[in-house]
Amino acid sequence: MGWLLFFVFVTGTAGYFQYEITRWMQPEQLRAQPQAHAQEDLLRMTALGLARLEKMAPEASSWRITLPHKALAGRTWQEFSVRWQLVPDPGHEFGAFVSEKLDPWDGSLRPSDLEPRATTGGNGLYRMHYLLHYMPDAWGIRIVGVCTMLMLIAIVAGVITHKKIFRDFFTFRPGKGQRSWLDAHNAISVMALPFFLMITYSGLVFFMFTYMPAGRDQLYGSGHVEQERFYEELFDSEGHKHIAIERPSADMAALVNQAWAVWGPGQVAFITVERHEGEPTEISIARVNGGRLDLWYPPILRFDAATGHPLPDEARKGGGASSTQDVILNLHEGLFAGIWGRWLYFFAGLLGCAMVGTGLVLWTVKRRKHHLAAGLEGGEHFGVRLVENLNVATIAGLPLSVAAYFWANRLLPVEMADRAAWELHTLFAVWLGTLFYALARPLARAWVELLWSCSLVYALVPVLNALTTNRHLGHSLLARDWVFAGFDLTMLALAALFAVMAVKVRRRVITGHASGLNMRRTVLGKGSV
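Per our numbering, the sequence shown runs over residues -8 to 520.
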């Protein structure tokens, strides 16, 4: 279970920068740089967007104009664009969506960007932390759920039973073997204890209807159709038949100004025009929603499309329970957090990796000490040796395979069939290779060599990026492209971290070898009495 939890923490921690990772893995895709627009420019874009929609989609069931803004608490930049939904064909519930990016100055269609390389990007790492890979999604969700529940129980039980937990947080005795590993494990566990409690509990809430379906099944039934009805009611997606709309008669500029008066200048994210059967056409103006815990439900102002009169707010279904769930889920994802908040999440995730890793090593150290005390040959017990090899392949091998994932993104041919899938195949192939390597090499050497390999491979990621693209670290720093520069600098920081780990492990191996010989002599001496 510990190895799987380590995998979940590594991939989940990377997920806090999934959009940035995807951008790095698609260097061909040039993103528009965020820039402030005057209110007059935004009003002009609104008029240009309406004109474009009226020309291209006169019989659509809905229109949407997206004004330039930072989305997802600054993670992405939304450009000026329009989108419309076609009226559903007979027998279909929803119509197709069509979108266009427009020039912000004249409203003309912008030329298509260069098609980026196929990649699973940061989303591939993020999805694996709860779906795993090479198995049905439902299996992955349940397996991760079992491990998460056991981890939550272990955390709560540890807090209750560990009477000296906070005193031990300030205690670290280096060079003491098992005692040192226990001190490190305790210190790391307490350092981010609130985060560990939050992340495990909220992870269970994410799929609570999968883990605890009894209430839903009792009220709605367990069949596929019954579950569809449940989710339709939950997300209020049933009973809305869309019909064709026309250009609103209301003064759109005046409505946008009203929204700015409520939320502040530049705080309009998008404008939607739609009509449901039996209801008048309405205009919905949504606020830019950055740094809020109700990220998926931004504040919205509704107006009658004919008169411009305000319409009452729509009450969200679910009440307080639904709102509480949304807050818990957004805490887990960290979607409300700005850049520094996400770095804090990232650091806490690394502490989670360290907590699980030290726990895995502590278990083997205790078992090996026990077997050594039982006799010389006991120190090489097959089960202990196997677990130690799995620890090496997980703690040192998994980070190495993630680096190989980034290497594959730069080295695989851009036109390769199933390219995105082969990036992930590379990750798991390298990971499996580290297990074989750990089995073939002496344990101490496997630790040191794989950690040094991690350091080297991560250090060479920026070099590989410079050799295969024109967006090297120097260029990124000069262009103030903090996504590419930040990624390369993070790779160098991780390389330094693994180098430090390799040096410390090598020193511990040298001192541990000497103390191990002494212990073996002591054991043999006792046996000869």
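In this text, a Cβ means the ideal position worked out from N, Cα and C, and glycines have one as well. Just so you know, these numbers come straight off a predicted model, no measurement behind them.
- Task: Determine the DSSP secondary structure at Trp331, reduced to helix, strand or coil.
- Result: Correct three-state label for Trp331: helix.
- Query: Apart from the five residues on each side of it in sequence, which residues of its chain come closer than 6 Å, Cβ to Cβ, to Ala490?
  - Reply: Ser446
- Query: Based on the DSSP secondary-structure assignment, which residues constitute the bridge partners of Phe88?
  - Reply: Gln76
- Item | Cα-Cα separation between Gly369 and Glu379, rounded to whole angstroms | Bear in mind that a pLDDT of 46 at Gly369, under 50, signals an unreliable position, so the number given afterwards is only what the model happens to contain. So the two alpha carbons sit approximately 14 Å from each other.
- Compute the beta-carbon to beta-carbon distance between Gln69 and Pro256, rounded to the nearest angstrom, for a pair I have assumed lies under 8 Å. The pair is not a contact, with the Cβ atoms about 17 Å apart (cut-off 8 Å).
- Is Gln26 helix, strand or coil when you go by DSSP? coil
- Message: When you compare the CB positions of Gln258 and Arg278, do they come within less than 8 Å of one another, or not?
- Response: yes
- Message: Using C-beta distances below 7 Å, list every residue in its chain close to Met(-8), excluding the 5 sequence neighbours before and after it, in chain order.
- Response: Cys138 and Leu141
- Message: Quick check: is the beta carbon of Thr425 nearer than 8 Å to any beta carbon in chain B?
- Response: In the structure shown, chain B does not exist; there is a single protein chain.
- Task: Kindly provide the ranges of any alpha helix (DSSP H) runs that are 4 or more residues long and lie completely inside the stretch 90 to 136, ordered along the chain.
- Result: 112 to 122
- Item | Inter-stretch contact at 8 Å, needing at least 3 Cβ pairs: the stretch 436 to 455 / the stretch 385 to 397 | Taking one beta carbon from each stretch, the stretch 436 to 455 and the stretch 385 to 397 have 3 or more pairs nearer than 8 Å; the two touch.
- Query: Buried or exposed: where does Phe8 fall if 16 or more other Cβ atoms within 10 Å of its Cβ makes it buried?
  - Reply: buried
- Does DSSP put Asp295 in a helix, in a strand, or in coil? strand
- Item | Backbone CA spacing between Leu367 and Val500 [nearest angstrom] | Any reading at Leu367 is ruled out, since the residue's pLDDT is 47, under 50, leaving its predicted position unreliable.
- Query: Using a Cβ-Cβ cut-off of 7 Å (strictly less than) and excluding sequence neighbours within five positions of Ser72, which residues of its own chain qualify?
  - Reply: Thr57, Ser90, Glu91, Lys92 and Leu93
- Message: Spatial neighbours of Gln316 within its chain, please: C-beta separation below 7 Å, excluding the five flanking residues on both sides.
- Response: Val196
- Query: Using the C-alpha atoms, what's the distance from Thr67 back to Pro59?
  - Reply: Rounded to the nearest angstrom, the two C-alpha atoms are 11 Å apart.
- With distances taken between CB atoms, is the gap from Gly299 to Ala244 smaller than 8 Å? no
- Would you identify the three-state DSSP class for Glu50, choosing helix, strand or coil? Coil, per DSSP.
- Task: Could you tell me which residues DSSP pairs with Pro303 in its beta bridges?
- Result: Its beta-bridge partners do not exist; DSSP assigns none.
- Message: Looking at Gly112: is its Cβ nearer than 8 Å to the Cβ of Thr37?
- Response: no
- Where Ser275 sits in the DSSP three-state scheme: Strand, per DSSP.
- Query: In terms of alpha-carbon separation, which member of Arg471, Pro303 and Leu246 lies closest to Pro25?
  - Reply: Arg471
- Task: Please name the residue in Asp128, Ala51 and Ile179 whose C-alpha comes closest to that of Gly348.
- Result: Ile179
- Query: Start and end of the beta strand (DSSP E) containing Thr263?
  - Reply: Val259 to Glu265
- In terms of residue numbering, what span does the alpha helix (DSSP H) encompassing Ala411 cover? Arg410 to Ala431
- Cα separation between Glu273 and Val264? One C-alpha to the other measures close to 6 Å.
- Looking at the unbroken beta strand (DSSP E) that takes in His463, where does it start and where does it end? Per DSSP, His463 belongs to no beta strand (DSSP E) and is neither H nor E.
- Message: Considering Cα atoms alone, identify which of Met119, Val253, Ile262 and Asp32 is closest to Arg55.
- Response: Ile262
- What's the call for Met16, buried or exposed, on a 16-neighbour Cβ count within 10 Å? buried
- Item | Beta carbon of Leu34 nearer than 8 Å to that of Val253 | no
- Task: Return the residue from the list Ala420, Leu426, Glu19 and Ala487 that minimises the CA-CA distance to Thr385.
- Result: Leu426
- Just checking my contact of Ala399 with Trp413 at CB under 8 Å: how many whole Å lie between their CB atoms? 7 Å
- Task: Determine, using beta carbons only, whether Tyr117 and Ile132 come nearer to each other than 8 Å.
- Result: no
- Item | N- and C-terminal bounds of the beta strand (DSSP E) containing Ala5 | For Ala5, there is no enclosing beta strand (DSSP E); the residue is part of the alpha helix (DSSP H) that begins and ends at Gly(-7) to Gly6.
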